[in-house]
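Peer 1:
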Amino acid sequence: MSVVLSAAALLVCPAPGVGQAKPAKAKEIFVDRAAETGIDFVHFNGMSGELYFVEMTGQGGALFDYDNDGDLDVYLLQGHMLGDKPIEKATFPPHHPLPLVDRLYRNDLEIEPDGTRVLKFTDVTDETGLDATGYGMGVAAGDFDNDGWIDLYVTNFGSNRLYKNDGDGTFTDVTEKSGTDDTRWSVPAVFFDYDGDGYLDLYEGNYVDYRIATDKTCTMGAGAPDYCGPQSYSPASDRLFHNRGAASGGPLFEEVTSEVGFDTEFGAALGATAADFDGDGRTDLYVANDGLPNQLWLNRKVDGQKGAGQVRFENAALLGGCAVNEDGKPEASMGVVAGDFNGDGSEDLFMTHIDRETNTLFLNDGTGLFEDQSQESGLGMSSWQYTGFGTALIDYDNDGWLDLYIANGAVVLIEEQMRADEPYALKQKNLLFHNRGGARFEDVSAGAGKVFDLLEVSRGVAIGDVDNDGDVDLLVTNNAGPARLLVNQVGQDRPWLGLRLLGKDVARDMLGAKVGLFRKGAPTLWRRVRTDGSYASASDPRVLFGLGDDPDVEKVRVEWPGGLVEEWRDLPLREYTTLRQGSGAPVSQ
921 MSVVLSAAAL LVCPAPGVGQ AKPAKAKEIF VDRAAETGID FVHFNGMSGE
971 LYFVEMTGQG GALFDYDNDG DLDVYLLQGH MLGDKPIEKA TFPPHHPLPL
1021 VDRLYRNDLE IEPDGTRVLK FTDVTDETGL DATGYGMGVA AGDFDNDGWI
1071 DLYVTNFGSN RLYKNDGDGT FTDVTEKSGT DDTRWSVPAV FFDYDGDGYL
1121 DLYEGNYVDY RIATDKTCTM GAGAPDYCGP QSYSPASDRL FHNRGAASGG
1171 PLFEEVTSEV GFDTEFGAAL GATAADFDGD GRTDLYVAND GLPNQLWLNR
1221 KVDGQKGAGQ VRFENAALLG GCAVNEDGKP EASMGVVAGD FNGDGSEDLF
1271 MTHIDRETNT LFLNDGTGLF EDQSQESGLG MSSWQYTGFG TALIDYDNDG
1321 WLDLYIANGA VVLIEEQMRA DEPYALKQKN LLFHNRGGAR FEDVSAGAGK
1371 VFDLLEVSRG VAIGDVDNDG DVDLLVTNNA GPARLLVNQV GQDRPWLGLR
1421 LLGKDVARDM LGAKVGLFRK GAPTLWRRVR TDGSYASASD PRVLFGLGDD
1471 PDVEKVRVEW PGGLVEEWRD LPLREYTTLR QGSGAPVSQ
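Counting the sequence shown from 1 gives a position; the numbering used here is that position plus 920.
#1: With respect to the beta strand (DSSP E) encompassing E1179, which residues constitute its N-terminal and C-terminal limits?
#2: Apart from the five residues on each side of it in sequence, which residues of its chain come closer than 8 Å, Cβ to Cβ, to D1121?
#3: DSSP on M1001, reduced to helix/strand/coil?
#4: Determine contact between the region 1440-1457 and the region 1303-1318, defined as no fewer than three beta-carbon pairs at a distance below 8 Å.
#5: Hey, quick one: how far does the alpha helix (DSSP H) through A1189 stretch, first residue to last?
#6: Can you confirm whether the region 1352-1361 touches the region 1492-1507 when touching is taken to mean that 3 or more C-beta pairs between the two stretches lie within less than 8 Å?
#7: Do we get a CB-CB distance below 8 Å when we pair R1462 with the residues of chain B?
#8: Taking A1237 as part of the alpha helix (DSSP H), name the residues at either end of that continuous run.
#9: Just the Cα atoms here: how many angstroms apart are L1431 and G1062?
#10: Closer than 7 Å by C-beta to G1468: which residues in its own chain qualify, once you throw out the five before and the five after it? Chain order, please.
#11: Beta carbon of G978, beta carbon of Y995: below 8 Å?
#12: Would you mind listing the beta strand (DSSP E) stretches within the region 1114-1174 that are 3+ residues and don't spill past its ends, in chain order?
#13: Checking 8 Å against the spacing of the C-beta atoms, do K1434 and R1448 come in under that value?
#14: Using 10 angstroms around the beta-carbon of M921, count the other beta-carbons present and answer buried if the total reaches 16, otherwise exposed.
#15: Please classify D1393: is it buried, with 16 or more other beta-carbons within 10 angstroms of its beta-carbon, or exposed?
#16: Indicate the three-state DSSP secondary structure (helix, strand or coil) for D1067 in the structure shown.
#17: Taking all protein chains shown into account, decide if P1461 is buried (16 or more other Cβ within 10 angstroms of its Cβ) or exposed.
#18: If you scan the region 1436-1470 from start to end, which runs of the alpha helix (DSSP H) of 4 or more residues do you find wholly inside it?
#19: Taking all protein chains shown into account, do 16 or more other C-beta atoms lie within 10 angstroms of the C-beta of T1203, making it buried, or fewer, making it exposed?
#20: Tell me where the alpha helix (DSSP H) around M967 begins and ends.
#21: Considering T1184, what are the terminal residues of the beta strand (DSSP E) in which it resides?
#22: Taking all protein chains shown into account, decide if A941 is buried (16 or more other Cβ within 10 angstroms of its Cβ) or exposed.
#23: State the Cα-Cα distance for the pair P943 and S1253, rounded to the nearest angstrom.
#24: Tell me the DSSP secondary structure of F961 in three-state form.
#25: Report yes if the C-beta of Y1130 is less than 7 Å from at least one heavy atom of the ligand ATP; otherwise report no.
#26: Just the C-alpha distance for A1142 and Q1337, rounded to the nearest angstrom, thanks.
#27: Given a threshold of 16 other Cβ atoms within 10 Å of its Cβ, counted over all protein chains shown, does R1477 qualify as buried or as exposed?
#28: Put R1420 into one of helix, strand or coil per three-state DSSP.
#29: What is the residue span of the beta strand (DSSP E) that D1292 lies within?
#30: What are the boundary residues of the alpha helix (DSSP H) that includes M1338?
#31: If you reduce the DSSP assignment to three classes, tell me which class Q1348 lands in.
#32: Does the separation of the CB atoms of Y1316 and N1408 fall below 8 Å?
#33: Could you give the first and the last residue of the continuous alpha helix (DSSP H) run that contains K947?
#34: Residues in the same chain with beta-carbon distance under 6 Å from S1303, minus the five sequence neighbours each way, listed in chain order, please.
#35: Leaving out five residues on either side along the sequence, give the residues of the same chain with a beta carbon under 8 Å from the beta carbon of E1291.
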């Protein structure tokens, strides 16, 4: 069918750009500001053409306030040369001077009189006494000695380290004194108070029994050399350490792996998160294993027992429906997050997997029984061509619904990139999914910013509000590449409420506390105080509520570890408020 337009019609309907205003350019959701703010970190993975398994697995990072000045600092894990070749033979030369160490960047945030926020980071590694020279994998953040200063536990391919924050801008290596070392290949670690004694205990997840000296040769389908997977090596057992608290003499921690039942099953652990999954008031632990069934360790109190022996853990993942996917198959789980995806108040689970498996969303009915909703949510097939590692559960636009960021990077060489002579042929794009309400997600990566066009080997993701403007920013680590600081450009435009939850007698972040925000005529929002989750990374323990179009807050309810429930009213919006245990109005249960 042909249409003939008259000259008059052409005048009425001019061509685009002729006599018309150009459409407004959409604002980028996230912008990378690492380099411009002083974060010059570039990861060195020690590769030299040998395809060592460990070099491509990659590392996490941390956002935490080490100096208690109210803003988030950055900790980034470094690698070193692998094998017997000199560092001059590395595929990518190191960016930083030798010897290579993990690096700490202090946040020197300034707020100008007109409200403009100026982000600036300063590398303070040398002056803090941190001498982390291991091949870094993961980091956990928590105040293990209840002195009000956040400490770090660093997992390595090799000996792990516990760094005590001295409170004067320095750290002390207390690994030997603490009894928490492990010389195997550890990746995830979680601080959580499993027995409710007021001190943070420590879970340490180990991957596989791999050493450079016993490295195996693996190939892709056509017979060309490729990276090995976890199935080429035996899985390693995990460990649980009980914090002895004020006990005199002996190590700071005691290993209770066997005593609490953690030695009954294990897998190739890459991700872990602690939360109350069955609603009984005790903190449980979920472990994501690579290629083996995942574990849901439910916390069972043993009557008549005291100390570490008062708790036994039971792996209920298989009966709970979250050990394998809906087809009954274990998947290559890497990163994991727990949170309330659908607004029913229970802790759901999301984990990332290798390409051709899809990522998985398990919705919790509130009792620890899960249903695989990967396809129904829109998170399944959209991840088919990607390999996910770190993941972040965030409300990036502050509309009250939790969205998802996923860091991707392959583990099997990509033939197209190899043909293009890419020296590290594992690069993929990262993804951003918007929650449309009720755990229904839409991929919005294409319009989220130029950073989503990058092809990199991304691994860890830590979350936190680095500029304290009321929205969640992202720290993304890249294997053999630069760290990215993705600053949120849109969330602060909506009303929000921020909280930091501290203990009654100690200024420690009360990890595991559950917070409900009640609104008039709108659903209640539930969040959890946490630093764990993602992949090998540690995040901001503060709770941030986006209020969307319903900012009429009635009250905030806190369910503290130990059972105390309190409420607060008339909390100010668009700022962070500290709530201390015991200062609210008690709520009878």
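All C-beta atoms in this analysis are idealised placements derived from N, C-alpha and C, irrespective of residue type, glycine included.
Remember, it's a predicted structure, so these values are computed and weren't measured experimentally.
Peer 2: Looking at the atomic coordinates:
#1: Indexing the sequence shown from 1 puts residue 1179 at position 259. Where E1179 is concerned, there is no enclosing beta strand (DSSP E), given that its DSSP letter is neither H nor E.
#2: Counted from its first residue, the sequence shown places residue 1121 at position 201. Closer than 8 Å at the Cβ level, and outside the excluded window around D1121, lie F1111, F1112, D1113, Y1114, D1115, L1160, F1161, H1162, N1163, F1173.
#3: Translated into positions along the sequence shown, residue 1001 becomes position 81. Three-state DSSP puts M1001 in coil, outside helix and strand.
#4: yes
#5: The residue you call residue 1189 lines up with position 269 of the sequence shown. From DSSP, A1189 is part of no alpha helix (DSSP H) but of the beta strand (DSSP E) over 1189-1195.
#6: no
#7: This model lacks chain B altogether, as it is built from one protein chain only.
#8: Sequence index remark: in the sequence shown, residue 1237 carries index 317 (1-based). Counting along the chain, the alpha helix (DSSP H) containing A1237 begins and ends at 1237-1240.
#9: The residue you call residue 1431 lines up with position 511 of the sequence shown. The residue you call residue 1062 lines up with position 142 of the sequence shown. Computed Cα separation, rounded: 8 Å.
#10: Along the sequence shown, read from residue 1 onward, the residue named residue 1468 stands at position 548. Here the set comprises N1318, D1319, G1320, R1414.
#11: Sequence index remark: in the sequence shown, residue 978 carries index 58 (1-based). Sequence index remark: in the sequence shown, residue 995 carries index 75 (1-based). No, they are not a contact pair.
#12: 1121-1126, 1159-1163
#13: Walking along the sequence shown from the start, residue 1434 turns up at place 514. Walking along the sequence shown from the start, residue 1448 turns up at place 528. Contact flag set, yes.
#14: The count along the sequence shown starts at 1 and reaches residue 921 at position 1. The predicted position of M921 is uncertain, since its pLDDT is 33 and thus under 50; a value taken from the coordinates is nonetheless stated next. With fewer than 16 Cβ atoms within 10 Å of its Cβ, M921 is classed as exposed.
#15: Residue mapping note: residue 1393 aligns to position 473 of the sequence shown, counting from 1. So D1393 ends up on the buried side.
#16: Numbered from its first residue, the sequence shown carries residue 1067 at position 147. Three-state DSSP puts D1067 in coil, outside helix and strand.
#17: Translated into positions along the sequence shown, residue 1461 becomes position 541. So P1461 ends up on the buried side.
#18: none
#19: On the sequence shown, position 283 is the one that residue 1203 refers to. Under this definition T1203 is a buried residue.
#20: Within the sequence shown, the letter at position 47 stands for residue 967. Here M967 belongs to no alpha helix (DSSP H), and DSSP marks it neither H nor E.
#21: Here residue 1184 refers to the residue found at position 264 of the sequence shown. From DSSP, T1184 is part of no beta strand (DSSP E); its letter is neither H nor E.
#22: On the sequence shown, residue 941 is found 21 positions in, with the first residue counted as 1. Its pLDDT being 48, under 50, A941 is placed unreliably by the model, and the measurement read from it follows with that caveat. Under this definition A941 is an exposed residue.
#23: The sequence position of residue 943 within the sequence shown is 23, counting from 1. The sequence position of residue 1253 within the sequence shown is 333, counting from 1. Note on P943: pLDDT 49, under 50, position unreliable in the model; the coordinate value appears next. The straight-line gap from Cα to Cα measures roughly 43 Å.
#24: Stepping through the sequence shown from its first residue, residue 961 is reached at position 41. DSSP places F961 in coil when its eight states are reduced to three.
#25: For the structure depicted, the ligand ATP is absent and the ligand set is empty, with no information on it obtainable.
#26: Against the sequence shown, residue 1142 aligns to sequence position 222. Against the sequence shown, residue 1337 aligns to sequence position 417. Straight-line Cα distance between these residues: approximately 16 Å.
#27: Taking the first residue of the sequence shown as 1, we reach residue 1477 at position 557. With 16 or more Cβ atoms within 10 Å of its Cβ, R1477 is classed as buried.
#28: As a working mapping, residue 1420 is identified with position 500 in the sequence shown. Strand at R1420.
#29: Numbered from its first residue, the sequence shown carries residue 1292 at position 372. Here the beta strand (DSSP E) through D1292 covers 1290-1292.
#30: Walking along the sequence shown from the start, residue 1338 turns up at place 418. Run containing M1338: 1335-1339, per the alpha helix (DSSP H) assignment.
#31: In the sequence shown, the residue the question calls residue 1348 occupies position 428. If DSSP states are grouped into helix, strand and coil, Q1348 belongs with the strands.
#32: Looking up residue 1316 in the sequence shown gives position 396. Looking up residue 1408 in the sequence shown gives position 488. Yes, Cβ-Cβ distance for Y1316 and N1408 is below 8 Å.
#33: For this step, residue 947 is matched to residue 27 along the sequence shown. Here K947 belongs to no alpha helix (DSSP H), and DSSP marks it neither H nor E.
#34: Stepping through the sequence shown from its first residue, residue 1303 is reached at position 383. Counting only Cβ-Cβ distances below 6 Å, and skipping sequence neighbours, we find T1278, N1279.
#35: What you label residue 1291 is simply residue 371 of the sequence shown in a count that begins at 1. Cβ neighbours of E1291 beyond the five flanking positions: G1241, F1282, L1283, D1285.
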